[in-house]
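Before any comments, here is the structure.
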Ligand SMILES: Nc1ncnc2c1ncn2[C@@H]1O[C@H](COP(=O)(O)OP(=O)(O)OP(=O)(O)O)[C@@H](O)[C@H]1O
Ligand SMILES: [Mg+2]
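Residue numbers (my numbering): 103 to 695.
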């Protein structure tokens with residue numbers, strides 16, 4: 103990328119960011135007005151100096167009351183202007199942050215599954231928290247400095263020109279030198295800020311990973327390894343930040359140096375007798391005061407660039423997420439009165455984003471079958487054969503590369519995603535629970551207003567009551583992050599209760615009872631059989647005892663359907679299913695029936 107490219111894209115990003123402020127224009131303008139007052143007071147102070155010195159020289163002692171009142175007045179007004187400006191810009195920037203956070207959060211929830219595969223949750227969190235906070239700095243601090251500093255500089259310069267325009271012109275000769283420094287420093291700043299952000303993402307990623315797997319770290323003695331990896335990441339962060347600080351300090355030192363040179367040149371010229379004659383002592387003092395006063399805002403203005411660059415780097419990474427396309431949802435048909443017939447037609451599928459898919463192997467390789475409405479289909483097969491993947495295709499978490507999946511004769515892309523998912527109850531292989539009470543986990547999402555009786559009924563069917571009754575607050579017990587305070591089987595039962603409560607026409611259970619003892623499992627099966635009447639169900643199971651009664655058993659292997667039929671038919675065939683079945687009799691998981 104050439105410099106002008108990155109400059110213009112930086113401008114584009116900043117403009118887009120300013121777009122988020124547009125709605126708060128009135129507040130922003132009020133803030134600017136405050137800063138205008140603030141800046142005017144700085145010039146007023148220089149003017150006050152002139153009046154003071156001139157009054158002393160001319161012996162106007164009766165002005166003492168007026169002048170001493172004026173100085174307090176100037177600073178009171180200045181303070182009010184500063185508060186108004188500071189508060190208003192902060193107000194706007196907080197609103198921008200909230201807008202960005204909300205938009206990003208909503209957007210992330212609607213991104214396709216490939217996004218969640220590619221980015222760790224921690225790195226997304228870092229964007230949501232750290233990067234957006236940086237954007238606040240850009241939008242509020244930068245505006246504050248630019249507007250307040252800008253007004254102040256203009257005011258003071260105006261004052262200086264008013265007093266002696268020739269000397270002021272001389273003073274301005276330094277501006278090209280400052281511009282040059284700023285230009286050089288800018289580019290370096292942006293690249294450093296970008297790298298810092300990346301490293302921050304890594305820091306939270308590392309820490310997040312370890313926190314989730316703390317038991318593994320402890321038992322496999324991963325301390326040293328984790329500490330070394332973490333250490334490298336935070337060291338890198340420190341190095342980059344120190345570089346940034348050094349750059350900041352050096353450039354401000356250079357600018358101050360240039361400034362003092364200009365001021366000393368000014369004094370040399372101004373104190374020449376010929377020039378000194380043309381000014382009163384008050385004018386001279388006021389001029390030098392203004393020139394001294396102008397240094398601070400100019401210095402801040404040169405540093406604002408750093409803040410803006412950080413903000414642009416942060417906003418850029420946020421916008422890159424906001425610009426990712428959401429799940430494709432162009433279907434306009436709805437499943438009214440869903441019967442639940444599911445059909446796979448020559449479906450082929452492989453994972454990966456569009457560009458990385460080439461050369462990957464097919465995970466589903468030409469699957470063709472029908473689950474009639476209201477029937478019960480079991481999907482079995484070895485680990486990694488593609489069972490979960492098939493279930494994901496039905497819920498349209500992914501789309502097939504070839505062939506089609508349809509429900510009630512409608513191809514999934516023609517259906518609105520919301521309408522499709524409304525009609526599916528799903529229990530994942532890896533149960534996901536939220537940091538809330540058991541009841542809230544069962545009545546989640548669109549079901550949150552379900553009556554207490556219905557929640558209890560679902561909890562009873564799914565054998566949740568069996569353990570919830572012993573908890574201090576029953577169904578209202580908080581279960582901690584991801585249900586950490588519950589056993590694996592208890593978590594599964596809550597997920598099943600959630601599916602019971604949803605009571606949708608299509609039920610998908612992916613190893614939903616794998617963690618349960620045979621007794622609880624059988625009780626749930628009984629309840630399930632009730633639920634599954636007149637409902638289409640797709641049951642994925644390793645434990646074959648749970649699928650014997652299915653209307654249809656489909657055996658999947660390496661993305662192919664190798665056999666299908668009822669339990670009896672498959673046994674008669676003597677193929678893969680028979681092998682798996684005999685194995686489970688041998689290891690005792692079926693013998694007890
Ligand atoms: N998100 C993913 N990205 C890439 N490959 C994946 C992804 N999820 C699964 N796979 C691969 O797809 C294949 C099928 O996985 P799938 O989860 O469908 O198997 P499964 O039959 O459900 O296995 P199990 O019985 O162990 O749950 C596996 O080889 C797996 O490595
Ligand atoms: Mg699976």
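We treat Cβ as the ideally placed atom computed from N, Cα and C, and that holds for glycine.
(Q) Taking the straight line between their C-alpha atoms, what separation do you get for residue 103 and residue 401? (A) Here residue 103 refers to the residue found at position 1 of the chain shown. Here residue 401 refers to the residue found at position 299 of the chain shown. The predicted model places residue 103 with a pLDDT of 39, which falls under 50 and marks its position as unreliable; any figure quoted below should be read in that light. In a straight line, the C-alpha of residue 103 is about 30 Å away from that of residue 401.
Q | Contact set, ligand 2 heavy atom to C-beta under 7 Å | A | A distance filter of 7 Å between CB atoms and the heavy atoms of ligand 2 selects the following residues in sequence order: 489, 490, 531, 612, 613 and 642.
Q. Which whole-angstrom value is the C-beta distance of residue 445 and residue 508, which I expect to be below 8 Å?
A. Sequence index remark: in the chain shown, residue 445 carries index 343 (1-based). Sequence index remark: in the chain shown, residue 508 carries index 406 (1-based). Sure, about 5 Å apart at Cβ, within 8 Å.
Q.
Please give the ranges of any alpha helix (DSSP H) in the segment 362 to 433, keeping only runs that are unbroken, at least 4 residues long and fully inside the region.
A. 375 to 378 and 383 to 424, all fully within the segment 362 to 433.
Q: Use the C-beta contact count for residue 592: other C-beta atoms within 10 angstroms, 16 or more gives buried, fewer gives exposed.
A: Counted from its first residue, the chain shown places residue 592 at position 490. Flag for residue 592 reads buried.
Q. Of the choices 666, 636, 661 and 621, whose alpha-carbon is the least far from that of residue 647?
A. One-based indexing of the chain shown puts residue 647 at position 545. Of the candidates 666, 636, 661 and 621, the one whose C-alpha sits nearest the C-alpha of residue 647 is 621.
Q.
Could you pull the DSSP bridge partners for residue 667 from this structure?
A. Within the chain shown, the letter at position 565 stands for residue 667. Per DSSP, 655.
Q | Own chain partners of residue 510 with C-beta closer than 8 Å, once the 5 adjacent residues on each side are dropped | A | Within the chain shown, numbered from 1, the residue matching residue 510 stands at position 408. In its chain, beyond the 5 residues on either side, 437, 440, 441, 442, 443 and 475 have a beta carbon closer than 8 Å to the beta carbon of residue 510.
Q) With DSSP run on the structure shown, which of helix, strand or coil describes residue 693? A) Indexing the chain shown from 1 puts residue 693 at position 591. Annotation note: pLDDT 46 at residue 693 (below 50); position unreliable, no value reported.
**Q.** Check: residue 468 C-beta below 7 Å from any heavy atom of ligand 1
**A.** Along the chain shown, one-based indexing puts residue 468 at 366. Distance from the C-beta of residue 468 to the nearest heavy atom of ligand 1 is not below 7 Å.
Q: Taking only the alpha-carbon atoms, compute the straight-line gap between residue 541 and residue 503 and give it to the nearest angstrom.
A: Taking the chain shown and counting its residues from 1, one reaches residue 541 at position 439. Taking the chain shown and counting its residues from 1, one reaches residue 503 at position 401. In this structure, the straight-line span from the alpha carbon of residue 541 to that of residue 503 is close to 39 Å.
Q | Separation of residue 161 from residue 168, as counted between CA atoms | A | Numbered from 1 along the chain shown, position 66 holds the residue referred to as residue 168. Numbered from 1 along the chain shown, position 59 holds the residue referred to as residue 161. Spanning the two alpha carbons is a distance of roughly 14 Å.
Q: Taking the CB atoms as reference points, tell me whether residue 228 and residue 315 lie closer together than 8 Å.
A: Here residue 228 refers to the residue found at position 126 of the chain shown. Here residue 315 refers to the residue found at position 213 of the chain shown. In this structure, residue 315 does not lie closer than 8 Å to residue 228 by Cβ.
Q.
Can you tell me whether residue 453 sits near ligand 1, meaning its C-beta is under 7 Å from at least one heavy atom of the ligand?
A. Indexing the chain shown from 1 puts residue 453 at position 351. Yes, Cβ of residue 453 sits closer than 7 Å to a heavy atom of ligand 1.
Q. Does ligand 1 have even one heavy atom less than 7 Å from the beta-carbon of residue 219?
A. Against the chain shown, residue 219 aligns to sequence position 117. For ligand 1, at least one heavy atom lies less than 7 Å from the Cβ of residue 219.
(Q) Between residue 616 and ligand 1, is there a pair consisting of the residue's CB and a ligand heavy atom that are separated by less than 7 Å? (A) The sequence position of residue 616 within the chain shown is 514, counting from 1. Answer for residue 616: no, Cβ out of range of ligand 1.
Q) From 119, 156, 578 and 673, pick the residue whose C-alpha is nearest to that of residue 381; which is it? A) Counting from 1 along the chain shown, the entry for residue 381 is found at position 279. The option with the nearest alpha carbon to residue 381 is 156.
Q) Which runs of the alpha helix (DSSP H) spanning at least 4 residues fall entirely within the segment 563 to 651, listed in chain order? A) The segment 563 to 651 contains these whole alpha helix (DSSP H) runs: 566 to 570, 590 to 604 and 620 to 634.
Q. Can residue 465 be considered in contact with ligand 1, in the sense that its beta carbon sits closer than 7 Å to one or more heavy atoms?
A. Walking along the chain shown from the start, residue 465 turns up at place 363. For residue 465, the Cβ falls inside the 7 Å cut-off from some heavy atom of ligand 1.
Q | Sequence-distant residues of its chain with Cβ nearer than 7 Å to residue 693 (five each side left out) | A | Locating residue 693 in the chain shown gives position 591, counting from the first residue. Residue placement at residue 693 is flagged as unreliable, the pLDDT there being 46, under the threshold of 50; a coordinate-derived value is accordingly withheld.
Q) In terms of alpha-carbon separation, which member of 410, 211 and 615 lies closest to residue 627? A) To locate residue 627, count along the chain shown from 1; it is residue 525. When each option's Cα is compared against that of residue 627, the closest is 615.
**Q.** residue 440 - DSSP class collapsed to helix/strand/coil
**A.** Looking up residue 440 in the chain shown gives position 338. DSSP places residue 440 in coil when its eight states are reduced to three.
Q.
Is it buried or exposed, residue 670, if we count other Cβ atoms within 10 angstroms and call 16 or more buried?
A. One-based indexing of the chain shown puts residue 670 at position 568. Flag for residue 670 reads exposed.
Q. Are residue 420 and residue 292 close, meaning C-beta to C-beta below 8 Å?
A. Sequence index remark: in the chain shown, residue 420 carries index 318 (1-based). Sequence index remark: in the chain shown, residue 292 carries index 190 (1-based). No, Cβ-Cβ distance for residue 420 and residue 292 is not below 8 Å.
Q: Using the Cα positions of residue 666 and residue 451, report the straight-line distance between them to the nearest angstrom.
A: What you label residue 666 is simply residue 564 of the chain shown in a count that begins at 1. What you label residue 451 is simply residue 349 of the chain shown in a count that begins at 1. Each residue's CA atom was taken as its position, placing residue 666 and residue 451 some 20 Å apart.
**Q.** Between the CA atoms of residue 479 and residue 495 - distance to the nearest angstrom
**A.** In the chain shown, the residue the question calls residue 495 occupies position 393. In the chain shown, the residue the question calls residue 479 occupies position 377. Answer to the nearest angstrom: the Cα atoms are 16 Å apart.
Q: Return yes when the C-beta of residue 485 is under 7 Å from any heavy atom of ligand 1, and no when it is not.
A: Sequence index remark: in the chain shown, residue 485 carries index 383 (1-based). Yes, the Cβ of residue 485 comes within 7 Å of a heavy atom of ligand 1.
Q: Look up residue 160 in the DSSP assignment and say whether it is helix, strand or coil.
A: By 1-based counting over the chain shown, the position of residue 160 is 58. Of the three classes helix, strand and coil, the one that applies to residue 160 here is helix, per DSSP.
Q: Tell me, to the nearest whole angstrom, how far the beta carbon of residue 247 is from that of residue 403; I am working on the premise that it is less than 8 Å.
A: As a first step, residue 247 is located in the chain shown; it is residue number 145 there, counting from the start. As a first step, residue 403 is located in the chain shown; it is residue number 301 there, counting from the start. Right, their Cβ atoms sit about 6 Å apart.
Q) For residue 528, which of helix, strand or coil comes out of DSSP? A) As a first step, residue 528 must be located in the chain shown, where it is residue number 426. Note: residue 528 maps to strand in three-state DSSP.
Q) Around the C-beta of residue 695, are 16 or more other C-beta atoms found within 10 angstroms, so that it is buried, or is it exposed? A) Translated into the one-based positions of the chain shown, residue 695 becomes position 593. The predicted model places residue 695 with a pLDDT of 43, which falls under 50 and marks its position as unreliable; any figure quoted below should be read in that light. With fewer than 16 other Cβ atoms within 10 Å, it is exposed.
Q: Can you tell me which of the three DSSP states residue 323 falls into?
A: Reading the chain shown from its first residue, position 221 is the one you call residue 323. The answer is coil: DSSP assigns residue 323 none of H, G, I, E or B.
Q: Please report how far the alpha carbon of residue 619 lies from the alpha carbon of residue 630, in whole angstroms.
A: As a first step, residue 619 is located in the chain shown; it is residue number 517 there, counting from the start. As a first step, residue 630 is located in the chain shown; it is residue number 528 there, counting from the start. Approximately 16 Å between the Cα atoms of the pair.
Q: Could you check what DSSP says for residue 468 in three-state terms: helix, strand or coil?
A: Numbered from 1 along the chain shown, position 366 holds the residue referred to as residue 468. DSSP places residue 468 in strand when its eight states are reduced to three.
Q. Which residues in the same chain have their Cβ closer than 6 Å to the Cβ of residue 610, if we skip the five residues on either side of it in sequence?
A. Residue numbering aside, residue 610 sits at position 508 when the chain shown is read from its first letter. Exclusion of the five residues before and after residue 610 leaves 493, 528 and 640 as the residues of its chain whose Cβ lies within less than 6 Å of its Cβ.
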